[in-house]
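A.B. asks:
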Amino acid sequence: MFQLSNEGKTKVLSKMKRYETKESAIIPALYIAQKENGGWVSDEVVLHLSQLMDIPAVRINEVFKFYTMFNQAPVGKHHVQVCCNISCALNGGRELAGHICKELKIGFNEVTDDERFSVSKVECLGSCSTAPMMQVNDKYHENLTPESAMNILRGLK
Ligand code: FES
């Protein structure tokens with residue numbers, strides 16, 4: 498059964514005090530819990546937050562399922578999100594995403610056997626002038642070519 502660490506619980510409770518309503522702390526709480534749960538939010542995570550925050554699980558699920566920055570299934574240690582929206586698509590973003598999957602020998606939303614990588618296609622990440630781009634965990638990588646993207650990924654520990 499998932500439980501936040503004591504530090505995680507303290508952070509969530511402090512976020513709840515910061516806002517006018519406790520529901521406003523759902524997004525930061527999901528960020529904290531996702532990080533502690535290896536990069537994704539399971540049903541157990543939602544239940545734990547529901548009990549900790551005294552908010553019905555359905556309310557937490559409404560927020561969690563709306564935002565794509567919260568992962569609904571396990572992801573790799575390095576979660577690669579390739580933007581395939583208009584600017585990136587016009588500059589090869591979709592081909593880039595396909596190339597990365599081919600090199601890593603996985604499909605979209607799959608995890609490599611060694612659990613190091615997962616790849617997903619995402620909508621605009623707000624870096625259109627440096628298309629095509631990808632986000633790996635919290636970091637942006639811009640003006641990519643298939644080669645430069647793979648060099649970045651191969652350089653990750
Ligand atoms: S379209 Fe790719 S970052 Fe905006």
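Numbering of the sequence shown is given in the working numbering, commencing with residue 498 and proceeding in unit increments.
Ideal Cβ positions, reconstructed from N, Cα and C, are used throughout, including at glycine.
#1: Quick check: what's the CA-CA separation for Lys519 versus Arg556?
#2: Is the stretch 579-598 touching the stretch 535-544 in the sense that three or more CB pairs, one from each, lie closer than 8 Å?
#3: Under 8 Å by Cβ, that's how I've got Val560 and Ile529 pegged, so tell me the actual separation to the nearest angstrom.
#4: Assuming Val616 contacts Leu601 (C-beta within less than 8 Å), just tell me the rounded distance between them.
#5: Among the residues of its own chain, which have a CB less than 7 Å from the CB of Gly604, if the five just before and after it don't count?
#6: Using a Cβ-Cβ cutoff of less than 7 Å, which residues in the same chain neighbour Gln500 once the five nearest sequence positions on both sides are dropped?
#7: The ligand FES and Phe582: does the residue's C-beta get closer than 8 Å to at least one heavy atom of that ligand?
#8: Is the distance from the Cβ of His576 to the Cβ of Gly623 below 9 Å?
#9: Examine the ligand FES and report whether any of its heavy atoms sits within less than 8 Å of the Cβ of Ala586.
#10: Give every residue of the same chain whose Cβ lies closer than 6 Å to the Cβ of Arg515, excluding the five residues on either side of it in the sequence, and list them in chain order.
#11: CA-CA distance, Leu587 and Asn503?
#12: Looking at Val608: is its Cβ nearer than 9 Å to the Cβ of Val579?
#13: Apart from the five residues just before and just after Val440, which ones in its own chain have a Cβ nearer than 8 Å to its Cβ?
#14: I'd like the list of long-range same chain contacts for Leu653, defined as Cβ closer than 6 Å, with 5 residues on each side in sequence excluded.
#15: Mapping DSSP to helix, strand and coil, what is Phe614?
#16: Measuring alpha carbon to alpha carbon, tell me which residue in Lys506, Thr642, Met631 is nearest Cys621.
C.D. replies: In short:
#1: 11 Å
#2: no
#3: Not really, about 14 Å apart at Cβ, beyond 8 Å.
#4: 7 Å
#5: Cys598
#6: His545
#7: Looking at the sequence itself, residue 582 is Asn, so the reference to Phe does not match. At least one heavy atom of the ligand FES is nearer than 8 Å to the Cβ of Asn582, so yes.
#8: no
#9: yes
#10: none
#11: 46 Å
#12: no
#13: An answer regarding residue 440 cannot be provided, because it is not within the stretch 498 to 654 covered by the chain.
#14: His575
#15: strand
#16: Met631
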